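The sequence shown begins at 122 in this note's numbering and counts up by one.
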Amino acid sequence: MCKYNVVKGILWLVSLLPFPVLYAVSDFLCLFVRRFYRTQVVRANLRSAFPEKTEEELRQIEKKFYHQFCDNFVEVIKMLSMPKSEMMRRMTFGGLEQVRERHEKGQRLHFLYLSHFGNWEWIASVAWHITSWCCSGQIYHHIYNKVMDKFFYDIRAQYGGTNIEMKETFRRILQLSRDGKNYLLGFISDQQPKWSSIHHFVPFLNHDTAVFTGAEHIARKMDAFVSYGKMSRPRRGYYHLEIIPMVDHPASLPENELTDWYFRMLEEDVREHPEMWLWSHKRWSRTKEEWLRRQKS
């Protein structure tokens, strides 16, 4: 705890810097980060996702991605001290009235498909926009570094939303559904599942991609209405999330159709603004061929 307080204290002091200074820091960091942080992983991912693009086009995407990546870093630090009015001005939301209308019709659970696109951490501030009629929450994956785990837990919870650890998702949502309140719950669903959690593959960015289906399965069981969060960046330091309704009753769709639909929408966004997606993870290291081989053994 002492180590965490020291780290958080230092980051809080950094967060007091104005945005122009923080973005200057981001530009400086980018000079080094793009040369040393998972460069080969990023390049391999881009080449395999966009085989039709030239090397020059891929390098431009790579350059823009690292600028976005470093901007995300300083923007997350800024969350420690950013006033409510400034956050609400810089992170805006569309489609909330449609969410409210569905809550008023009696469906208390709303699942929002999100991804590692743009600045996904700022989305937790939606709690400030809906506090009078809805509670919010987000599913999160435990980070093995205890200091970083607590840091991200705290900054996500500071707006009033509920943090739900991934392995406890269904149990916690079942509990929430019984308290009589409305809930908007965000699912970042573009991660790569472990081998033991793979049940479905989708065509995504020129790959047969192993995907999580948990959001869909829980939505079907709980009869939650589901939307897609379309992230845009009007200009540096400003983001907008448009909440696009997908289905009111997920069980009315064939199994896995909702998951496939989410990835089709995400691919459209990534192809339109590829620099905004997180390319630095080995997203396609678990192949369908290897999965089938393991199924047979």
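C-beta atoms are modelled at their ideal positions from N, C-alpha and C, and glycine is treated no differently.
Please read these numbers as outputs of a predicted model, since none were measured by experiment.
(message) Rounded to the nearest angstrom, what separates R414 and H320 at their Cα positions?
(response) Counted from its first residue, the sequence shown places residue 414 at position 293. Counted from its first residue, the sequence shown places residue 320 at position 199. So the two alpha carbons sit approximately 14 angstroms from each other.
(request) Give the DSSP-derived three-state secondary structure of W241 in the structure shown. (result) One-based indexing of the sequence shown puts residue 241 at position 120. In the three-state reduction of the DSSP assignment, W241 falls in the coil class, being assigned neither a helical nor a strand state.
(request) Ignore the nearest five residues each way along the sequence and tell me which others in M212's own chain have a CB closer than 6 angstroms to its CB. (result) Walking along the sequence shown from the start, residue 212 turns up at place 91. For M212, where only same-chain residues beyond five positions count, the Cβ hits under 6 angstroms are W243, S246, Y360.
(request) Classify I251 as helix, strand or coil using the three-state DSSP reduction. (result) Reading the sequence shown from its first residue, position 130 is the one you call residue 251. Here I251 sits in helix by DSSP.
(message) So, does the region 160-177 touch the region 218-234, judging by three or more C-beta pairs under 8 angstroms?
(response) no
(message) Taking only three categories from DSSP, how would you classify A165?
(response) In the sequence shown, the residue the question calls residue 165 occupies position 44. Three-state DSSP puts A165 in a helix.
(message) List, from N- to C-terminal side, the alpha helix (DSSP H) runs of 4 residues or more that fit wholly inside the region 304-379.
(response) 335-343
(request) Just mark P355 as buried or exposed, buried being the case when its beta carbon has 16 or more other beta carbons within 10 Å. (result) To locate residue 355, count along the sequence shown from 1; it is residue 234. Under this definition P355 is an exposed residue.
(request) Taking Y234 as part of the beta strand (DSSP E), name the residues at either end of that continuous run. (result) Numbered from its first residue, the sequence shown carries residue 234 at position 113. Looking at the DSSP string, the run of the beta strand (DSSP E) that includes Y234 is 230-235.
(request) Identify, in the order they occur along the chain, each residue of the same chain with its Cβ nearer than 8 angstroms to the Cβ of R209, setting aside the five sequence neighbours on each side. (result) Translated into the one-based positions of the sequence shown, residue 209 becomes position 88. Looking at the sequence itself, residue 209 is Met, so the reference to Arg does not match. So the list reads S246, W249, H250, once near-sequence residues are dropped.
(request) Tell me the start and end of each unbroken alpha helix (DSSP H) in the region 386-418 that is at least 4 residues and wholly inside, in chain order. (result) 409-417
(request) Look at the alpha carbon of Y125 and the alpha carbon of F232, and state the distance between them as a whole number of angstroms. (result) Numbered from its first residue, the sequence shown carries residue 125 at position 4. Numbered from its first residue, the sequence shown carries residue 232 at position 111. If you draw a straight line from the Cα of Y125 to the Cα of F232, it comes to about 32 angstroms.
(message) For F186 and R164, I'd like the C-alpha separation in whole angstroms.
(response) Residue 186 sits at position 65 when you count from the first residue of the sequence shown. Residue 164 sits at position 43 when you count from the first residue of the sequence shown. So the alpha carbons of these two residues sit roughly 11 angstroms apart.
(request) Taking T380 and V323 to be in contact with their CB atoms under 8 angstroms, please state how far apart those CB atoms are, rounded to whole angstroms. (result) Indexing the sequence shown from 1 puts residue 380 at position 259. Indexing the sequence shown from 1 puts residue 323 at position 202. Indeed, because the Cβ distance is near 7 angstroms, the residues count as touching under 8 angstroms.
(request) With F214 as the anchor, note down where its alpha helix (DSSP H) starts and where it stops. (result) Start at 1 with the first residue of the sequence shown, and residue 214 comes out as number 93. F214 -> not in any alpha helix (DSSP H); beta strand (DSSP E) instead, spanning 212-215.
(message) Using C-beta distances below 6 angstroms, list every residue in its chain close to E363, excluding the 5 sequence neighbours before and after it, in chain order.
(response) The residue you call residue 363 lines up with position 242 of the sequence shown. So the list reads G215, G216, K351, once near-sequence residues are dropped.
(request) Please list the segments of the alpha helix (DSSP H) lying wholly inside the region 169-217, counting only runs of 4 or more residues, in order along the chain. (result) 176-199, 205-211
(request) Buried or exposed for E337, please, with buried defined as at least 16 other CB atoms from any protein chain shown within 10 angstroms of its CB. (result) Residue mapping note: residue 337 aligns to position 216 of the sequence shown, counting from 1. With 16 or more Cβ atoms within 10 Å of its Cβ, E337 is classed as buried.
(request) Tell me whether Q259 sits in a helix, a strand or coil according to DSSP, three-state version. (result) As a first step, residue 259 is located in the sequence shown; it is residue number 138 there, counting from the start. Here Q259 sits in strand by DSSP.
(request) Within 10 angstroms of the Cβ of K417, are there 16 or more other Cβ atoms? Answer buried if so, exposed if not. (result) Mapped onto the sequence shown, residue 417 falls at position 296. When all chains shown are included, K417 counts as exposed.
(message) Cutting at 6 angstroms between CB atoms, please list the residues of its own chain near N377, excluding the five before and the five after it.
(response) As a working mapping, residue 377 is identified with position 256 in the sequence shown. Cβ-Cβ distances below 6 angstroms link N377 to H321 in the same chain, with the five nearest sequence neighbours on each side left out; the list follows chain order.
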